[in-house]
Each structure stands twice: as C-alpha cells, then as structure tokens.
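Residue numbers (our numbering): 1423 to 1743.
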C-alpha cells in the first residue's frame, strides 16, 4: 500500500483505495466491538507495516529470543558509546521480566546478545504507556513550552484523544532520551541511554549480572557517614543539572539509585528547563525540598541540608534571578 493510501482510508473508512465500498462481516453477539478511536502516529504505522512484512519474511528468532535487535531503526545514544553496547543487527532481544511499574511507564529487563553468545548484556527497557491512561501524571506543567509543528497533532494532544495520548507518550520518551543523552555527555550520574524506538527506551541496566536491580535511595539504610556522602553526591548531581539550566522536575528518594556506592539519577521524562519554563524556579525549589526532607528524616544534620541555602545556590548556578 502506498503512503497516500493511508490518507484516503482515513477520510473514506468505508471504501477501498479504488473507491469500492467494503463489505463488513457481522460480529457475533459475544464478540467485542473493535476500538476505532484515535489515529496511529506515522512511526507506529511504519512499525506495524514492518511487523506485517516480517511475518512473511523472517526466520525463527534463534535461542528463544522475543525479537531481533531494534538498533537499526532507533535513535541511538551519544558517542563515545560504552564497549558493552551491542550494535550488531544480528543481535536478539529476550524479555526477562518486569523491574518496575509506574504511572506512565513500565521498566522491563531485557537481554540483548548475539546468537552465538559472543557478546551481550542486560538492558532496562522503559516503555511508556499511551492508551491505557487518559492523562499523564501532572503533564500540563511539564509540557509547558513543548510544542509540535502540526496543528492537528497539537489539538489531538490537548484533547487527549487516543492519537494524542500516543503522541504525548512518544514526546515523553523523546524528552527523557534527549535529557539523558545531554546529561551523559556532560558527565552527569545517569544511566547510559542506548536507544529510543518509538515509546520505548533501552537504558543501561544498573544492577548485578543476575538481573538484581540497584536499590533506590528510598530503599537504602545508610549509616551516618554513608548518608553524608550520599547527600554530597546528590547535591553535586543537582548542581550539574542546574549548570545546564535544568532541574529534575520530580526529584525524590525514589528517583535516585544507589549503585556500587554511587548516586545515579533516573526517571527524567519531566525534566524542566528552569529558564524557559515560567514555573522553573518552583520546580527547582520543590526538588530541593523533597530530597533535603528525606535526608533530614534519616538523620542528616539540618545545617548541612539547608533548603534555602541550596535553592539560592542552585538558582545562581542556573542563571535565575
């Protein structure tokens, strides 16, 4: 089917491209009605078309894998890439389970490796939902300043149609991938972003070789000395973001991992440009309140976790008046 045939079918759902009226099969009484709400994005259409073609042309995936590597069609992470990144198109992805479920996305454990086992490793596959949820968590404030070029797509996003929600999911995935790529490049403590493919991000897996993920800061029980060290690492991380004119936007002890004694910042789809966003200063102050409150609650000296001093310093670093 040619690309312009999609436009014809969108406007003439009861006819084929030749103009002939399509016959409809009657549904059985217990058969659910099809869901025709919304439209697929262009990327999703292309993906489904590839799946249909692959159903006729692909051989069985070796080793019991779930899919071939999607590296060829993906937006790829920044260079220089770590040595462990598997870029060979002959690689196979195997699903190993769910690491985390969230309001906007789920994180799965995936192994990507060559069929002969000569190269491979574990990845975290973060998959944003779209149609399952009518609204994204507090997305109105975070999406301030993010726009798409086509007015039809903008209207769909504002109305939260199925098509619009899918666009929002892709936009959140792209925003997080872009933020991670930028922060990784400047040396921030974030997982390496391997690739973005539609609403899926493949990220560096932070954990051990057995697939046990690194704990969140909220799950850790640090002693006094370790608590102080983790606080200094956290402050360094938010200062580095501020130097880039950014803040996490939803920072908490649940969005920080402790991997091999090091703080790692995760979950960045809502990252805020504190200069461009009218509420940027408020997001920055809220990040500080959340994380400083957690550390004080664990016994950190309140004089060390002084919110007002830290907010003032971060605003200066970010260039906010």
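For every residue, glycine included, the Cβ atom is placed at its ideal position computed from N, Cα and C.
Only a predicted model underlies this, so the values are computations on that prediction, with no experimental measurement involved.
_Exposed unless 16 or more other CB atoms sit within 10 angstroms - verdict on residue 1723_ = Residue 1723 is classed as exposed because its beta carbon has fewer than 16 other beta carbons within 10 Å across all chains shown.
*Tell me, please, whether the CB atom of residue 1694 is closer than 8 Å to any CB atom in chain E?*
No chain E appears in this structure, which consists of one protein chain only.
*Host beta strand (DSSP E) of residue 1530 (start-end)*: For residue 1530, the enclosing beta strand (DSSP E) stretches over residues 1527 to 1535.
_Please state whether the Cβ-Cβ distance between residue 1515 and residue 1498 is less than 8 Å._
no
_What would DSSP say about residue 1714, mapped onto helix, strand or coil?_
Residue state, collapsed to three classes: helix.
*Around the C-beta of residue 1646, are 16 or more other C-beta atoms found within 10 angstroms, so that it is buried, or is it exposed?*
With fewer than 16 Cβ atoms within 10 Å of its Cβ, residue 1646 is classed as exposed.
*Would you please state the rounded distance, in angstroms, between the beta carbons of residue 1611 and residue 1684? I believe it to be under 8 Å.*
Right, the Cβ-Cβ distance comes to about 6 Å (below 8 Å), so this counts as a contact.
_If contacts are defined as beta-carbon pairs under 8 Å, then residue 1493 and residue 1617 qualify, I think. What distance do you get, rounded to the angstrom?_
6 Å
*Length-filtered (3 minimum) beta strand (DSSP E) runs lying within the stretch 1661 to 1698*: 1678 to 1681, 1684 to 1687
*asked:* Check this for me: beta carbons of residue 1506 and residue 1543, under 8 Å apart or not?
replied: Against a cut-off of 8 Å, the Cβ pair of residue 1543 and residue 1506 comes out as a contact.
*Could you check the C-alpha separation between residue 1681 and residue 1698 for me, to the nearest Å?*
32 Å
*In three-state DSSP terms, what is residue 1611?*
Coil at residue 1611, not helix or strand.
*Go ahead and label residue 1658 buried or exposed: buried means 16 or more other beta carbons lie within 10 angstroms of its beta carbon, across all protein chains shown.*
That one is exposed.
*Would DSSP call residue 1656 helix, strand or coil?*
helix
*Select from 1636, 1649, 1670 the residue whose C-alpha is nearest the C-alpha of residue 1546.*
1636
*Which of the three DSSP states, helix, strand or coil, is assigned to residue 1520?*
strand
_For residue 1719 and residue 1686, I'd like the C-alpha separation in whole angstroms._
20 Å
_Residue range of the alpha helix (DSSP H) that includes residue 1622_ = Counting along the chain, residue 1622 falls outside any alpha helix (DSSP H), though it belongs to the beta strand (DSSP E) covering 1622 to 1626.
*What distance in whole Å lies between the Cβ atoms of residue 1710 and residue 1702, which are believed to be in contact at a cut-off of 8 Å?*
Contact doesn't hold; Cβ gap of about 13 Å is too wide.
*Own chain, CB closer than 7 Å to residue 1628, minus 5 neighbours either side, in chain order*: 1613, 1635, 1636, 1679, 1681, 1686
*Cβ of residue 1591 within 8 Å of Cβ of residue 1550?*
A contact, by the Cβ cut-off of 8 Å.
*asked:* Taking 8 Å as the threshold (C-beta atoms), are residue 1652 and residue 1639 in contact?
replied: Residue 1639 places its beta carbon less than 8 Å from that of residue 1652.
_Nearest neighbour of residue 1675, chosen from 1518, 1717, 1619, 1500 [CA to CA]_ = 1717
*Report the partner residues of residue 1617 according to the DSSP bridge assignment.*
Residue 1617 pairs with 1498, 1624.
*Residue range of the alpha helix (DSSP H) that residue 1740 falls in?*
1729 to 1740
_DSSP state of residue 1544 mapped onto helix, strand, coil_ = strand
*Thinking C-alpha only, which one of 1721, 1619, 1487, 1706 is nearest residue 1648?*
1721
*Going by other Cβ atoms of all chains shown within 10 Å of its Cβ, with 16 needed for buried, is residue 1482 buried or exposed?*
exposed
_Quick check: residue 1399 and residue 1670, are their CB atoms within less than 8 Å of each other?_
A question about residue 1399 goes unanswered here, because the residues of the chain that appear run from 1423 up to 1743.
_Per DSSP, the bridge partner or partners of residue 1638_ = 1679
*asked:* Short of 6 Å in beta carbon distance, which residues of its chain neighbour residue 1431, apart from the five on each side in sequence? Order them along the chain.
replied: Its pLDDT being 45, under 50, residue 1431 is placed unreliably by the model, and nothing is read from it.
*residue 1706 to residue 1641, Cα distance in whole Å?*
24 Å
*Rounded distance between the beta-carbons of residue 1495 and residue 1517, thought under 8 Å*: No, residue 1517 and residue 1495 are not in contact; Cβ-Cβ is about 18 Å, not under 8 Å.
*Would you mind working out which of 1696, 1548, 1597 sits nearest residue 1742, comparing C-alpha positions?*
1696
_Which residue wins for smallest C-alpha separation from residue 1713, given the options 1665, 1673, 1523?_
1673
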